[in-house]
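Residue numbers (our numbering): 6 to 208.
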């Protein structure tokens, strides 16, 4: 499974123009699916007390995801500059239409290429919008958020799906392994099975 480290994410977010910066930062903070991001309208962003984004996820189910104060501030500036109407796409094309997934992935790839010039590890990763969703999940996991909460955050139908992310964090696995490794035995580095990795890529 591919996800970005904090350093890689910071470098990536330093590359785009303002409108794309807001979109990529929102993706990495909320973990919204590509289809959910593309389908957002200005009315889906709520910037008062308890700032959040509302989206329609799988199964046509509404999901509400909280926004950090910094993320809310970024979106507030963008909306004020655009003076967008409630029904307008949150991230429109230059003609005001809803952006396509292909166009968005192409834009992301261009900025990843730029960022990789300053951070070589990005050259070894195939970064897509789904990578940012994985990144959001791993950030929550590393912050100590319970997997049942992460499941709700990501809009997973079953909590068991989110438990898969536990197996992708090598640092957590190594710390856990160290507690059960006999003295004078070097802990091994965990690698998720190929079947598990394929499953994660399909999420």
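The C-beta atom is built at its ideal place from N, Cα and C for all residues, glycine as well.
Every value quoted in this text rests on a predicted model; they were computed, and no experiment measured them.
Q | For residue 21, the three-state DSSP class (helix, strand or coil) | A | In the structure shown, residue 21 sits in coil (DSSP, three-state: anything other than H, G, I, E or B).
Q) Within 6 Å: the Cβ of residue 152 and any heavy atom of the ligand FMN? A) As presented, the structure is devoid of all ligands, the ligand FMN included, so that no description of it is given.
Q: Could you name the residues that DSSP lists as bridge partners for residue 94?
A: DSSP lists 46 as partners of residue 94.
Q: Give the straight-line distance between the Cα atoms of residue 150 and residue 35, rounded to the nearest whole angstrom.
A: Approximately 14 Å between the Cα atoms of the pair.
Q. Just how far apart, CA to CA, sit residue 147 and residue 99?
A. Approximately 37 Å between the Cα atoms of the pair.
**Q.** Pair within 7 Å by beta-carbon distance, residue 39 and residue 134
**A.** For the pair residue 39 and residue 134, the CB atoms are nearer than the 7 Å cut-off.
Q. Run through DSSP, which three-state label would residue 126 get?
A. Helix at residue 126.
Q.
With the cut-off set at 7 Å, would you say residue 53 and residue 160 are in Cβ contact?
A. Against a cut-off of 7 Å, the Cβ pair of residue 160 and residue 53 comes out as no contact.
Q. Would you call the region 18–30 and the region 76–96 touching, i.e. three or more CB-CB distances under 8 Å?
A. With the rule of 3 Cβ pairs closer than 8 Å, the region 18–30 counts as touching the region 76–96.
Q. Can you pull the DSSP bridge partners for residue 61?
A. Residue pairing from DSSP places residue 61 in a beta bridge opposite 67.
Q.
Quick check on the burial criterion: 16 or more other C-beta atoms within 10 angstroms. Buried or exposed for residue 9?
A. With a threshold of 16 other beta carbon atoms within 10 Å, residue 9 meets it and is buried.
Q. Alpha helix (DSSP H) containing residue 153: first to last residue?
A. For residue 153, the enclosing alpha helix (DSSP H) starts and ends at 152–159.
Q | alpha helix (DSSP H) segment containing residue 56, residue limits | A | Neither: residue 56 is in no alpha helix (DSSP H) and is coded neither H nor E.
Q. Taking buried to mean at least 16 other C-beta atoms within 10 Å of its own C-beta, is residue 91 buried or exposed?
A. Residue 91 comes out exposed.
Q: In angstroms with no decimal places, state the Cα-to-Cα distance between residue 59 and residue 50.
A: Using only the alpha carbons, I get a separation of about 7 Å.
Q: Determine the DSSP secondary structure at residue 6, reduced to helix, strand or coil.
A: Here residue 6 sits in coil by DSSP.
Q) Taking C-beta to C-beta, are residue 46 and residue 84 nearer than 7 Å? A) No. Outside cutoff.
Q) Which whole-angstrom value is the C-beta distance of residue 33 and residue 141, which I expect to be below 8 Å? A) That belief holds up - the Cβ atoms of residue 33 and residue 141 are roughly 6 Å apart, short of 8 Å.
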